[in-house]
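A.B. asks:
In my numbering, the protein residues as written are 415 to 780.
This is the structure in structure tokens:
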């Protein structure tokens with residue numbers, strides 16, 4: 415749904431990213447405010463109107479950012495790792511496993527975002543009534559206050575992926591002691607909400623308000639797809655937690671004997687496989703990995719030296735135990751990485767992101 419994103423900084427060690435889709439909404443909001451100020455306050459110059467529009471837009475996007483920061487801070491306070499904050503066309507999202515500490519913390523982490531928006535709405539309303547009610551500055555504060563209240567109300571709607579959906583998920587989880595039931599109810603609610611917005615948007619477009627109608631339809635489609643994906647992701651996580659590495663692992667690369675000379679290793683294993691790495695075994699146990707580069711660097715000096723002298727130490731190699739839950743392995747793998755599967759130090763297989771994806775595709779319900 416989203417495109418490329420750029421990191422613009424960090425806050426308390428948390429990466430802050432801006433999605434390419436955000437640029438369009440930033441331009442649209444600023445232009446709309448500039449046009450509105452020009453129409454309503456014809457006595458101000460174009461440059462002043464543009465400055466006020468940029469100021470109001472900055473307050474608006476700052477409010478969205480603070481909404482996400484509130485989620486991140488709450489997650490940190492509950493001991494949950496936050497992977498990043500990303501601003502997108504529909505607002506923003508905070509990447510964290512907010513449910514890993516149970517339903518109570520999950521509810522709080524979800525609630526603080528819209529509560530922050532409510533507080534900001536009240537603050538900007540006070541600023542609006544405290545300034546010249548007929549002036550553009552008051553209008554700027556009023557606009558940002560109204561948008562924050564709207565954002566809070568919308569996010570409180572009880573359907574995934576909205577904060578209200580996360581709160582509903584946590585509440586049902588807490589009452590029923592069944593996380594899966596909470597996720598399914600919140601996801602179904604989100605799909606229903608998305609369907610209503612999609613239908614309402616299309617009806618609005620048919621009646622003549624094309625811009626608002628299409629915008630509502632796009633939001634509805636996004637909510638529906640995200641809710642459906644959330645249900646599928648939960649099911650996948652549940653299956654990952656129940657599965658072990660042995661169900662997914664593939665045959666390992668051919669092991670290279672540690673006593674083999676580097677010249678022989680280059681001829682028998684590495685030549686033609688320059689981009690690959692091979693496990694090195696000594697008395698049946700893996701001691702590290704051999705690559706074309708590591709073998710070449712040492713072999714150029716003495717090609718008869720044993721492979722063990724050019725090995726990349728096992729401490730620098732990603733390995734997993736054969737009995738390790740698959741969910742933990744996937745979290746460690748990351749995109750494009752692979753790991754050796756060991757059983758008491760002995761090589762029994764290898765696991766890659768592609769292998770996990772194929773395993774998941776064969777068991778997907780949705």
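Each residue gets a CB set at the ideal place from its N, CA and C atoms; glycine is no exception.
#1: State the Cα-Cα distance for the pair residue 627 and residue 557, rounded to the nearest angstrom.
#2: Going by C-alpha distance, which of 651, 482, 689, 577 is nearest residue 742?
#3: Can you round the beta-carbon distance between residue 683 and residue 665 to whole angstroms, since I take them to be within the 8 Å contact cut?
#4: For residue 450 and residue 596, what's the separation of their Cα atoms in angstroms?
#5: From residue 779 to residue 646, what does the alpha carbon distance come to, in whole angstroms?
#6: Between the C-alpha atoms of residue 659 and residue 649, what's the straight-line distance to the nearest angstrom?
#7: In or out: residue 513 buried (at least 16 other Cβ within 10 Å) or exposed?
#8: With DSSP as the reference, label residue 702 as helix, strand or coil.
#9: Going by the CB atoms, is the gap between residue 484 and residue 584 shorter than 7 Å?
#10: Checking contacts by CB at 7 Å: is residue 745 closer than that to chain C?
#11: So residue 765 and residue 728 are in contact, right, with Cβ under 8 Å, and what is the actual spacing, rounded?
#12: How many angstroms separate the CA atom of residue 704 from the CA atom of residue 713?
#13: Would you check if the distance between the CB atom of residue 498 and the CB atom of residue 429 is smaller than 7 Å?
#14: How big is the Cα-Cα spacing for residue 510 and residue 619?
#15: Can residue 537 and residue 432 be called in contact, C-beta distance under 7 Å?
C.D. replies: Once the coordinates are examined:
#1: 21 Å
#2: 651
#3: That pair is no contact at about 15 Å.
#4: 44 Å
#5: Below a pLDDT of 50, predicted positions are generally treated as unreliable, and residue 779, at 44, falls in that range; the measurement from the model is reported next regardless. So the two alpha carbons sit approximately 8 Å from each other.
#6: 18 Å
#7: buried
#8: strand
#9: no
#10: The chain labelled as chain C is not found in the depicted structure, where only one protein chain is given.
#11: That pair is no contact at about 16 Å.
#12: 12 Å
#13: yes
#14: 36 Å
#15: no
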